[in-house]
Amino acid sequence: MKKLIIKIIQLRNPAFKLDEALNTAALFQFVLIQIIYLIRGFRVFFCFRKPKGMMLGKGVSFFNLSKIKWGKFLRLGNQVSVSALSKNGIHFGDNVSIGAFSRIVVSTSLNNIGNKIVIGNNVGIGEFAYLGGAGGLEIGDECIVGQYLSCHPENHNYEVLEIAIRHQGVSRKGIIIGKNCWIGSKVTILDGVTIGNGCIIAAGCVVTKSFAKNSIIGGVPAKLLKNRKND
Numbered sequence: 058m059k060k061l062i063i064k065i066i067q068l069r070n071p072a073f074k075l076d077e078a079l080n081t082a083a084l085f086q087f088v089l090i091q092i093i094y095l096i097r098g099f100r101v102f103f104c105f106r107k108p109k110g111m112m113l114g115k116g117v118s119f120f121n122l123s124k125i126k127w128g129k130f131l132r133l134g135n136q137v138s139v140s141a142l143s144k145n146g147i148h149f150g151d152n153v154s155i156g157a158f159s160r161i162v163v164s165t166s167l168n169n170i171g172n173k174i175v176i177g178n179n180v181g182i183g184e185f186a187y188l189g190g191a192g193g194l195e196i197g198d199e200c201i202v203g204q205y206l207s208c209h210p211e212n213h214n215y216e217v218l219e220i221a222i223r224h225q226g227v228s229r230k231g232i233i234i235g236k237n238c239w240i241g242s243k244v245t246i247l248d249g250v251t252i253g254n255g256c257i258i259a260a261g262c263v264v265t266k267s268f269a270k271n272s273i274i275g276g277v278p279a280k281l282l283k284n285r286k287n288d
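Our numbering numbers the first residue of the sequence shown as 58 and each following residue consecutively.
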């Protein structure tokens, strides 16, 4: 039975192996939860969409579903909200996992809808993430992300003192996160930032500027600590 379970899980994660210390009761409870997630994923059939192995937790919601695309084995945890009020929609690659209570929101304004959110293949993002897409957000393949990631590709204009800030409009540049990055918990990334491939961002960083590939980044505001190649 365990061999069958391993083969099924390896459809989503080819490198998967069971820990020898894992007890049978925990394994079967885990499998039962995944089956329930898969059954919930079939609800998109009622919207004339193919689930492609989609797994949904409790209370997952979609807004503007026609603008949302996904690859194989998308997994959304409990109470995840996906809102694709946008010009170019939301696209999830293969084997994407988003943790519980996360929000993937391109925009909330009907008079100035946002650009897009694109999440690459084999990306795992922890619980309580907020991914905004007003100016565009791209996350490359193979990224791993801790809890409470916050991405804000938009800024409010504030130059005119006589006008309320909320009436001065916004500026948008977008955020790009390269492939194979490791982002720690409680990281905030602001508009206009590009993170190169292979970067590591320490927990708690506020990233306000761009960094080259293979950078190790830490601090508030974030700064370069060293390069992974020791350059």
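Even glycine gets a Cβ: it sits at the ideal position worked out from N, Cα and C.
Since the model is a prediction, treat every value here as computed from it, not as a measurement.
Task: Boundaries of the beta strand (DSSP E) in which ARG160 is found, first to last residue - done: Element bounds for ARG160: 160-162.
Open item on the list: My parser needs the beta strand (DSSP E) runs of 3 or more residues fully inside the segment 91-142; what are they?
Closed with: The segment 91-142 contains these whole beta strand (DSSP E) runs: 118-120, 125-127 and 138-140.
Task: Identity of the residue in LEU167, PHE105 and ASP151 nearest LEU68 by Cα - done: Comparing Cα positions, the closest option is ASP151.
TODO: Return yes when the Cβ of VAL163 is within less than 8 Å of the Cβ of GLY190, no when it is not.
DONE: Their beta carbons are under 8 Å apart, which means GLY190 touches VAL163 by this criterion.
TODO: Would you tell me roughly how many angstroms separate the C-alpha atoms of VAL202 and TYR215, rounded to the nearest one?
DONE: The C-alpha of VAL202 lies about 32 Å from the C-alpha of TYR215.
- [ ] Spatial neighbours of LEU131 within its chain, please: CB distance less than 6 Å, with the 5 preceding and 5 following residues excluded, ordered by chain position.
- [x] For LEU131, same chain residues with a beta-carbon under 6 Å away, outside a window of 5 residues either side, are MET111, PHE149 and VAL153 in chain order.
TODO: Might you give, ordered along the chain, the residues of its own chain that have their beta carbon closer than 7 Å to the beta carbon of ILE125, omitting 5 neighbours on each side?
DONE: So the qualifying residues of the chain are PHE119, VAL139, ALA141, GLY146 and ILE147.
Task: Expected contact under 8 Å - CB spacing of ILE274 and CYS262 to nearest Å - done: Correct: roughly 6 Å between the Cβ atoms.
Task: ALA269 vs GLY253 beta-carbon contact at 8 Å - done: Here ALA269 is near GLY253, since their CB atoms are less than 8 Å apart.
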